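Each residue of the sequence shown is one higher than the one before, starting from 472 at the first, in our numbering. For glycine and all other residues, C-beta sits at the position ideal for the given N, C-alpha and C. Note that the coordinates shown come from a computational prediction; the quantities given were computed from them, not determined experimentally. Reading through the structure tokens given below for one structure.
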Amino acid sequence: MDIRILIVEDDDTTRDCLVEYFRVEQHQVFAARSAEEAEQILSGQDIDLVLLDIRLPGKDGLTLTRELRAGSEVGIILVTGRQDDIERIIGLECGADDYVCKPFNPRELLA
């Protein structure tokens, strides 16, 4: 099944790695550097899963998570370099379906 994934990550290396990995796995992948770019993509595409970095320039990932969850059931996995329990709990309370800390194995996200 072709899953449409939106990767929202401001780090070029991480974003490019994830885009390539999921494309090789035969998924349709979109990429954004900021929450604002993600919103533009979401307004024009039917997305199944958002991989969302919490720390973004401008609007942060937690704010975008709350906004997405208010009007959508899209899958949301938060990705962050911080391993703070409080931040993880807040992310889940905002509506994220899961939370993954960097560094991570892309195969874990695929699963």
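Per DSSP, what are the beta-bridge partners of ASP524 in this structure?
VAL550
How about VAL521 and ILE560: do their beta carbons lie closer than 9 Å?
No, these two residues do not count as a Cβ contact at 9 Å.
Buried or exposed for ILE599, going by 16 or more other Cβ atoms inside 10 Å?
In the structure displayed, the chain extends from 472 to 582; residue 599 sits before or after that span and is not available.
Within 10 Å of its beta-carbon, does LEU535 have 16 or more other beta-carbons around it, so buried, or fewer, so exposed?
buried
I need the straight-line Cα distance from LEU533 to LEU523, nearest angstrom please.
Rounded to whole angstroms, LEU533 to LEU523 spans 9 Å at the Cα level.
From the DSSP output, in three-state form, read off GLN516 for me.
If DSSP states are grouped into helix, strand and coil, GLN516 belongs with coil.
Using a Cβ-Cβ cut-off of 6 Å (strictly less than) and excluding sequence neighbours within five positions of VAL500, which residues of its own chain qualify?
ILE476, VAL490, PHE493, ARG494
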